[in-house]
Amino acid sequence: LLIGSANVDITAGYWENEASLLIEDEGVVTSTEAEVRTLLRHARPLSTEEEIGPRRWLSLHWPSFLG
Numbered sequence: 002l003l004i005g006s007a008n009v010d011i012t013a014g015y016w017e018n019e020a021s022l023l024i025e026d027e028g029v030v031t032s033t034e035a036e037v038r039t040l041l042r043h044a045r046p047l048s049t050e051e052e053i054g055p056r057r058w059l060s061l062h063w064p065s066f067l068g
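Residue 25 in this note's numbering sits at position 24 of the sequence shown, and the numbers go up by one each step.
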């Protein structure tokens with residue numbers, strides 16, 4: 002089981018602090034998988050229409066809003 006936010010790209014490598022945790026314990030992996038499946042059954046799907054506005058704003062302002 003791999004948990005974390007690490008991305009394999011230029012910003013992750015140089016500007017951001019990201020990490021991933023590899024868990025190899027079978028019991029932890031099994032129980033976590035069951036919990037994730039439960040969460041997904043109750044999750045609300047995202048649509049591309051909902052994402053257009055925020056993505057458009059981000060593309061106009063990235064990375065200047067970082068300061």
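Note that beta-carbon positions come from the ideal geometry of N, C-alpha and C, so glycine has one too.
Less than 7 Å between the beta carbons of L3 and S32, yes or no? For the purposes of this step, residue 3 is taken as the residue at position 2 of the sequence shown. For the purposes of this step, residue 32 is taken as the residue at position 31 of the sequence shown. For L3 and S32, no; Cβs fall outside 7 Å.
In angstroms with no decimal places, state the Cα-to-Cα distance between E34 and I24. To locate residue 34, count along the sequence shown from 1; it is residue 33. To locate residue 24, count along the sequence shown from 1; it is residue 23. If you draw a straight line from the Cα of E34 to the Cα of I24, it is about 12 Å long.
Check the C-beta distance from E19 over to S6 and give it rounded, since I have them as a contact under 8 Å. Locating residue 19 in the sequence shown gives position 18, counting from the first residue. Locating residue 6 in the sequence shown gives position 5, counting from the first residue. Indeed they touch by this definition, with Cβ atoms about 5 Å apart.
Taking the C-alpha atoms as reference points, what is the distance between E17 and S65? Position 16 of the sequence shown holds residue 17. Position 64 of the sequence shown holds residue 65. So the two alpha carbons sit approximately 16 Å from each other.
Nearest-angstrom Cα distance between L67 and Y15? The residue given as residue 67 occupies position 66 in the sequence shown. The residue given as residue 15 occupies position 14 in the sequence shown. Roughly 15 Å separates the two Cα atoms.
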